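Numbering (my numbering), first residue to last: 11 to 178.
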């Protein structure tokens with residue numbers, strides 16, 4: 011069994027990744043932490059909670075940081091819709107995240123599953139950066155890190171040389 015910690019800004023693309031991870035037989039998602047990015051933090055939380063609920067899973071979802079560390083938040087709602095899920099009328103409200111802060115959960119979960127945890131980042135790396143700032147030694151405790159970000163040999167989608175998740 012592989013242990014995943016997923017940090018996401020939960021718009022529709024990330025919801026698909028969550029559905030895949032939550033239903034993969036060899037993966038145990040230990041926690042989902044939310045960062046502001048594609049949508050403001052509260053919408054990202056609601057979208058993740060809705061996705062987990064639709065998958066009929068009991069996985070804790072934690073709110074993390076509501077803005078980037080060095081600049082104001084610039085969402086991608088112009089791509090994903092105001093709700094981040096394509097504005098198709100999903101009931102994306104009223105659910106409550108688990109108590110605790112996403113950054114604390116990242117640090118605690120990495121310690122709990124030292125050398126076994128796969129860190130999956132689907133959004134801006136703000137929560138990860140702050141967790142590493144607070145507890146640098148967690149970097150050596152992660153077995154694998156999978157990042158949805160970067161442009162390879164292409165052009166940036168936010169500025170000429172940067173992809174959104176890396177730029178934010």
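Positions of the beta carbon are idealized from the N, C-alpha and C atoms, including for glycine.
Keep in mind it's a predicted model, so treat the numbers as computed, not measured.
In the DSSP assignment, residue 145 is bridged to no other residue. Under the three-state reduction of DSSP output, residue 90 falls in the helix class.
Closest in alpha carbon position to residue 138, among 36, 176, 93, is 176. Cβ-Cβ distances below 6 Å link residue 110 to 72 in the same chain, with the five nearest sequence neighbours on each side left out; the list follows chain order. For residue 113 and residue 99, the gap between their C-alpha atoms comes out near 31 Å. In the DSSP annotation of this structure, residue 13 is not part of any alpha helix (DSSP H); the continuous beta strand (DSSP E) holding it starts and ends at 12–18. Its Cα nearest to that of residue 126, the residue 153 stands out among 24, 153, 134, 173. Judged by DSSP secondary structure, residue 72 falls within the beta strand (DSSP E) whose first and last residues are 71–73. For the 9 Å CB-CB criterion, residue 43 and residue 156 do not form a contact. As computed with DSSP, residue 38 is found in a beta bridge with 13.
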